[in-house]
Amino acid sequence: MELVLALAINGLIWGLIIALIALGLSIIFGLLDIINLSHGDFFMVGTVLAWFIVHWTGSFWLAFLLAPLIGLLLGALIMKLVIVPIKGAAALSIVATFGLSIILQETVRATFGPAPKRLLPPVEGTIPLFGIDYGIYRLVAAGIAIVCLAGFFLFLHRTKIGAWMRAVRHDPETAVALGIPVQRIYTITFALGFAIAALGGVVAAPITTVDFRAGVDILPFCFMAVIIGGLGNLQGTAAAAVLLSFMEGVITAFADPVVARIVSLCLMSVVLLLRPQGIFAGAMS
Amino acid sequence: MTGKAKKPTSLATSTNGTTRRSFLQTALAGGAFGTAYLAIGSNMYAKAAGPITIGHQAELTGGFSSWGYWHDKCAQKAAAIINEGGGIGGRELRVVTDDTESNPAAGARKLRSLIQRKGASFVTGSVHSGVMLASIPVATELKTVYFSCGEATEATGSKGSRYAFRTGNDTYTLSGAGAPWAYENLGKNWTMIFPDYAWGHSHHKEHKRVIEELGGKVNDPIAVPLDSRDLVPYLAKVPEETEVLFSVFFGALSVAFYTQAKNMGLGEKMKMYSVAGTIEAIAPADIDGAAEGVYFLENFPRPLAAKDDEYHKEFIKIMEIDPVNGREATSDRVIAKSHAWQPWENLFLLKAAIEASGWKGKKDDQGVIEYLEGAKMSNSLAHPQGDKILRAKDHSGILDNYISQVRGGVFETIKRIPKEEIDAKLPPRFDFTKTAL
Numbered sequence: 000m001e002l003v004l005a006l007a008i009n010g011l012i013w014g015l016i017i018a019l020i021a022l023g024l025s026i027i028f029g030l031l032d033i034i035n036l037s038h039g040d041f042f043m044v045g046t047v048l049a050w051f052i053v054h055w056t057g058s059f060w061l062a063f064l065l066a067p068l069i070g071l072l073l074g075a076l077i078m079k080l081v082i083v084p085i086k087g088a089a090a091l092s093i094v095a096t097f098g099l100s101i102i103l104q105e106t107v108r109a110t111f112g113p114a115p116k117r118l119l120p121p122v123e124g125t126i127p128l129f130g131i132d133y134g135i136y137r138l139v140a141a142g143i144a145i146v147c148l149a150g151f152f153l154f155l156h157r158t159k160i161g162a163w164m165r166a167v168r169h170d171p172e173t174a175v176a177l178g179i180p181v182q183r184i185y186t187i188t189f190a191l192g193f194a195i196a197a198l199g200g201v202v203a204a205p206i207t208t209v210d211f212r213a214g215v216d217i218l219p220f221c222f223m224a225v226i227i228g229g230l231g232n233l234q235g236t237a238a239a240a241v242l243l244s245f246m247e248g249v250i251t252a253f254a255d256p257v258v259a260r261i262v263s264l265c266l267m268s269v270v271l272l273l274r275p276q277g278i279f280a281g282a283m284s
Numbered sequence: 000m001t002g003k004a005k006k007p008t009s010l011a012t013s014t015n016g017t018t019r020r021s022f023l024q025t026a027l028a029g030g031a032f033g034t035a036y037l038a039i040g041s042n043m044y045a046k047a048a049g050p051i052t053i054g055h056q057a058e059l060t061g062g063f064s065s066w067g068y069w070h071d072k073c074a075q076k077a078a079a080i081i082n083e084g085g086g087i088g089g090r091e092l093r094v095v096t097d098d099t100e101s102n103p104a105a106g107a108r109k110l111r112s113l114i115q116r117k118g119a120s121f122v123t124g125s126v127h128s129g130v131m132l133a134s135i136p137v138a139t140e141l142k143t144v145y146f147s148c149g150e151a152t153e154a155t156g157s158k159g160s161r162y163a164f165r166t167g168n169d170t171y172t173l174s175g176a177g178a179p180w181a182y183e184n185l186g187k188n189w190t191m192i193f194p195d196y197a198w199g200h201s202h203h204k205e206h207k208r209v210i211e212e213l214g215g216k217v218n219d220p221i222a223v224p225l226d227s228r229d230l231v232p233y234l235a236k237v238p239e240e241t242e243v244l245f246s247v248f249f250g251a252l253s254v255a256f257y258t259q260a261k262n263m264g265l266g267e268k269m270k271m272y273s274v275a276g277t278i279e280a281i282a283p284a285d286i287d288g289a290a291e292g293v294y295f296l297e298n299f300p301r302p303l304a305a306k307d308d309e310y311h312k313e314f315i316k317i318m319e320i321d322p323v324n325g326r327e328a329t330s331d332r333v334i335a336k337s338h339a340w341q342p343w344e345n346l347f348l349l350k351a352a353i354e355a356s357g358w359k360g361k362k363d364d365q366g367v368i369e370y371l372e373g374a375k376m377s378n379s380l381a382h383p384q385g386d387k388i389l390r391a392k393d394h395s396g397i398l399d400n401y402i403s404q405v406r407g408g409v410f411e412t413i414k415r416i417p418k419e420e421i422d423a424k425l426p427p428r429f430d431f432t433k434t435a436l
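Shown next as C-alpha cells:
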C-alpha cells in the first residue's frame, strides 16, 4: 500500500510538470491549428538554457526567470521565420515543425555537445514518503508548476492580451473586425507556448537530465495529454496530464511501468474512437 | 591493482604467436614516427594499386552521438597513422564513415550503401547493439567482414556468422570478467536495472547466469523503456534486501539513473556496480558526484596510471585527451574509451590480415577471415588497449578488464582481470570456423 501511495504521489507531481509542457502544445494548436512536432525541443531548449545560465551565474532562480524570456524571443522569431509562411496549411506545419525539431536538436548538439549533463537542484535533500526517500526538489517543482499553471490561467482570464487570445481562438474574423491585432496575438501565443515549455524545461532539468534529445522522449506523453484533454482545451490538457501521470503511477505499483504506458495508450485510443473532442470537452472548454 | 605495464615489444598483429612485419613496428622500434618516414610512406602507396576502402559505421547523430564522435576520431587517427606509414600493403587506406543515426533501420540501410555503393571491402561497425544486430545479416548476405563494437553477445553468438567479428567485450565476457569479483566483494543479493532493448536484456541474461551459478540471488529484473525521464517508478521497485544494484544504461538514461538513484539514497543502502558503457563519454565530475562510489568494469581504463605504458601514453597524445579524465584538449568532450579503441584497433588488425594473407580483392576474403580467426594482438600503438586474442571459434575478443571505482570524481583502478583468467572461465559457445564461406 505504501508503494501505491508513493508512486501515485510521484505520478501526480510528475504530471504537474508535464502539464506545464503540454499546455504550451495545446495553446499553439488551439489558436494556430499547428501540430507542433518541435514542442518537445522547446522544452529541451529550456533545460539547456537553464544549464548555461546556472553554469555562468550560479543561480537557478535566474534561470527560472531568464529561460522563459529567451524562449519568448525565440518563439516570436520562429513564428516569423517558420510558422507564418505556412499558416493555414496543417500538413505543411507537420513537415516544417519536424524540420525545426531536427534543427533545434542539431544546433544544441553542436553547441552544448552530445553528452548529457546534470543540473543540481536548488533545494537538495530527501524526505521519507511512504517507504521511499523522496527528493524535496520534486515537491518544490510541483509547487512551482501549480503556481505557473495558475498564473497562466489568470493571465488568460484576467488580462487584456489573455482576453484577446481567447477571442481570436473563438472567432478570428470578428476579432479582426473589433480591432484586435490578430497577427500579433498569433505571435504572442506561439511565443508563449515556447516560453511555457522552456519554463517546464527549467523546472524539470534538475530531476531528469540536460541533453539534446530530452524533448524527443517527452513529446509523446504531451501529445497523449493534449488528445485526451481535448485538442486546444487548455484546462482539459492540464487535467489530462495530471490524470494520466497519476494513473500510470498507481498502475506501476502493481505492474510493470511498460504496462502502465500501454494502458495510457489504450485510453488515448478509446478517447479518439468514442470522444475525439477529448474527455473534458464541454466541461472545461 | 593496476595493469602491469608490459615492456613494449611489438606493434603488429600476429597469428599463432608469430610477429608480423609492419611499418609501425619499424617506426616504433626506431622510437618515433618521423617526417622522413611519412614521406617514404606516401611514396610507397602512390606507386601501388588503388586504395583499399574500409567502411566505418558510426553513430554521429542520435542518442549514441557522444560515443560516435570518438569512434570516428579513433578511426580517422588510426587511418592517418596507417597511411603515414605506407598504407596497407602499399595501398592507401580510405576510411568511409557513414552515420547510423543511432537507428537500427538507418544503420542497416547505410551498411548496404557502404558496401555496395561506396565500395567498402571490410567494415568496422556500430557500437549500438540494435544497429549491430541489424547489420550482421546484411554483412553476411553481402559476404563482407564486419566488426561489431557493441556488447550484445548475440553478435558473436546466436546471430553471428563467419563474417562477424568483435575485438572488444560482449556481455558474456563482461559478466564473466566482472560479476565474480563484484559477487565476492560487493554482495550476494543482486537487482538488475537496464534499458529495455537488446543490450540491456543481454546483460541481464548473462549476469544473472553468473550470479546464480555462484550461489547468489537475483531479484526480478527492472527493464526501463528508452524514453523514460522519471525513473522513480522503477527505482522504487528495487527490493530493500538488495546488496548490489547492477545497472546498464547509456547517455541521458545513465545520468538520469545516477541522479535519481542518488537522490533516493540508493547509493547509501546498497553497492552500485556497472559496466563502462554506463559512463562512457561522461566525466564523473560533470554529473556533480552522482556517480561517486560506483564500481565499474572498464576494459581500457580512463586514467593512464592504470595501464602506464608508452603505447597508452601515445594513444592519449594522438587522441588529444588528458591522462586522468580522458577529456579532449580542444573541447569538454570526454572519450568513450572502453569502446572507441575498437575502430582504431580493427583497422590495424585488418591491415595485418590483408598484408599477411596477400589480399588483393574480394576473392581473397577467405585468407583474411582465416587470419582473423585466432589472431593474436600485442600491446603496441596498433593495439594500445593491450594484448588480446580474437578467438577462432566464437570470433570474440578476449582482453584484460579492470575494476574501477569513482573516488573524488575520478576513476581509480582497483584490480586488473587478466585475459587468461577470462578465457579459461568462458569457453566458446559457438564455432563459426565450421561454417562455409
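Taken in order, these protein sequences are the chains called C and B. Here the first sequence is numbered in numbering that gives the first Met the number 0, starting from 0 and rising by one per residue. Here the second sequence is numbered in numbering that gives the first Met the number 0, starting from 0 and rising by one per residue. We treat Cβ as the ideally placed atom computed from N, Cα and C, and that holds for glycine. Keep in mind it's a predicted model, so treat the numbers as computed, not measured.
- Per the Cβ contact rule, the region 255–272 of chain B is not in contact with the region 139–157 of chain B (fewer than 3 Cβ pairs under 8 Å).
- With contact defined as three or more Cβ pairs closer than 8 Å, the region 172–181 of chain C and the region 195–202 of chain C are not in contact.
- Here methionine 0 (chain C) is exposed. Its C-beta has fewer than 16 other C-beta atoms within 10 Å.
- Beta-bridge partners assigned by DSSP to tyrosine 145 (chain B): B:Val122, B:Ala163.
- By the rule that beta-carbons nearer than 9 Å mark a contact, aspartate 32 (chain C) does not touch chain B.
- Here DSSP, grouped into helix, strand and coil, assigns methionine 191 (chain B) to strand.
- With a contact defined as Cβ atoms closer than 8 Å, tryptophan 198 (chain B) and valine 237 (chain B) miss out at about 20 Å.
- Under the 10 Å beta carbon count, tryptophan 13 (chain C) is surrounded by 16 or more other beta carbons and is classified as buried.
- Relative to the Cα of threonine 432 (chain B), the nearest Cα in the group B:Ile87, B:Tyr162, B:Gly118 belongs to B:Tyr162.
- Distance from the CA of isoleucine 187 (chain C) to the CA of glycine 23 (chain C), rounded to the nearest whole angstrom, comes to 12 Å.
- Residue state for arginine 301 (chain B) is assigned as coil, using DSSP reduced to three classes.
- For serine 64 (chain B), the neighbours in chain C by C-beta distance under 7 Å run, in chain order, Arg108, Pro113.
- Put simply, the CB of alanine 57 (chain B) is far from chain C, with every gap to its CB atoms at 9 Å or more.
- The DSSP-derived three-state label of proline 256 (chain C) is helix.
- At a cut-off of 9 Å between beta-carbon atoms, serine 253 (chain B) makes contact with chain C.
- Glycine 200 (chain C) is outside the set of residues whose beta carbon lies under 9 Å from a beta carbon in chain B.
- Residue-level contact check: valine 215 (chain C) touches chain B, since one or more beta carbons of chain B fall below 9 Å from its beta carbon.
- Nearest in C-alpha terms to glutamine 259 (chain B), of all of C:Trp163, C:Glu123, C:Phe253, is C:Glu123.
- If you draw a straight line from the Cα of isoleucine 126 (chain C) to the Cα of proline 103 (chain B), it is about 42 Å long.
- The residue among C:Ser268, C:Gly200, C:Leu273, C:Ile278 with its C-alpha nearest the C-alpha of alanine 238 (chain C) is C:Ile278.
- Cβ atoms of phenylalanine 249 (chain B) and glycine 276 (chain B) come within 8 Å of each other, at about 6 Å.
- Within chain C, the C-beta atoms nearer than 8 Å to that of proline 224 (chain B) come from Pro256, Val257, Arg260, in chain order.
- In this chain, the alpha helix (DSSP H) harbouring histidine 338 (chain B) covers 336–356.
- Identification of chain C residues near threonine 412 (chain B) by a Cβ-Cβ cut-off of 7 Å yields none; the smallest Cβ-Cβ distance measures about 22 Å.
- Contacts between aspartate 210 (chain C) and chain B, judged by CB atoms closer than 8 Å, involve Gly250, Ala251, Val254 in chain order.
- In the DSSP annotation of this structure, the continuous segment of the alpha helix (DSSP H) that includes leucine 30 (chain C) starts and ends at 1–31.
- Residue pairing for lysine 362 (chain B): DSSP places it in no beta bridge.
- For arginine 93 (chain B), the enclosing beta strand (DSSP E) begins and ends at 92–98.
- Chain-ordered listing is empty here: chain B has no CB closer than 9 Å to the CB of aspartate 40 (chain C), the nearest sitting near 14 Å.
- When DSSP states are grouped into helix, strand and coil, valine 247 (chain B) belongs to the coil group.
- Neighbours of threonine 125 (chain C) in chain B, taken as residues at a C-beta separation under 8 Å, are given in chain order as Asn262, Met263, Gly264.
- Looking at the backbone, the Cα of phenylalanine 42 (chain C) and that of glycine 228 (chain C) are separated by about 20 Å.
- In this structure valine 209 (chain B) touches glycine 175 (chain B) by the C-beta definition: roughly 6 Å separates them, less than 8 Å.
- CA-to-CA, the gap between aspartate 98 (chain B) and arginine 108 (chain C) works out to about 15 Å.
- Those residues of the region 3–14 of chain C placed with their C-beta closer than 7 Å to a C-beta in chain B are Ala5, Leu6, Asn9, Trp13, ordered along the chain.
- With a contact defined as Cβ atoms closer than 8 Å, leucine 36 (chain C) and serine 100 (chain C) qualify at about 5 Å.
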